[in-house]
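Notes follow the structure.
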């Protein structure tokens, strides 16, 4: 499901009366019911080159920059394009110079609907999941949200029109 379809689904789930069970579940189910992925972690002093190599080896779209166990930033593919390649920076500098510091996070007890809204409003494809002490417990990506939606609401997802509210005005086909 493309990102735009996910965003349309969020709008649909927030507004349509027919989606009430879905809406209720989005605000009742928490991040703890999602299958979290392990977060690839690096130290702030790690070179950009090493981080990019690690992302490629691990097929990861983002890395968490940590000081000890605490999250201090996130570095994503978008950051690589915009802050490194777009600004023609050297790959030998520390990742701390191009990471997103103090990123938005999620917690295990946060509702899935809240996480979806954070991702939508911030334009994020990944969110770190942290505990009460700020230690990373995993990460959520759009992929986990889509899997959740399909697993829990297959009929709603599979019958969602490309644009909620879209009504077929003419007969389709021959």
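In the working numbering, the protein residues as written are 47 to 220.
We treat Cβ as the ideally placed atom computed from N, Cα and C, and that holds for glycine.
Keep in mind that this is a model prediction, so the values were computed, not measured.
Within 10 angstroms of the beta-carbon of residue 71 lie 16 or more other beta-carbons, which makes it buried. In this structure, the beta-carbon distance from residue 152 to residue 77 falls below 9 angstroms.
In the structure shown, residue 184 adopts extended strand secondary structure according to DSSP, grouped into three states. The Cβ atoms of residue 85 and residue 174 lie closer than 9 angstroms to each other. In this structure, the CA atom of residue 91 is about 7 angstroms from the CA atom of residue 142.
With a cut-off of 8 angstroms on Cβ pairs, the segment 185-196 is in contact with the segment 158-176, counting three or more such pairs. In the structure shown, residue 119 adopts extended strand secondary structure according to DSSP, grouped into three states. Between the beta-carbon of residue 137 and that of residue 94 there is about 5 angstroms, and that keeps the pair under the 8 angstroms contact cut. The C-alpha of residue 87 lies about 21 angstroms from the C-alpha of residue 161.
Pairing residue 113 with residue 132, the inter-Cα distance amounts to about 27 angstroms.
At a Cβ-Cβ threshold of 9 angstroms, residue 117 and residue 149 count as neighbours. In the DSSP assignment, the residues bridged to residue 146 are 120. The beta carbons of residue 100 and residue 111 sit about 12 angstroms from each other, so the pair does not count as a contact at 8 angstroms. Around the CB of residue 196, fewer than 16 other CB atoms lie within 10 Å, so the residue is classed as exposed. Per DSSP, residue 161 is one residue of the alpha helix (DSSP H) stretching across 158-168.
In the structure shown, residue 127 adopts helical secondary structure according to DSSP, grouped into three states. By the neighbour-count criterion, in which a residue is buried when 16 or more other Cβ atoms sit within 10 angstroms of its Cβ, residue 194 is buried. Non-local C-beta neighbours of residue 191 in its own chain, meaning closer than 8 angstroms and more than five positions away in sequence, comprise 52, 80, 158, 161, 162 and 165, ordered along the chain.
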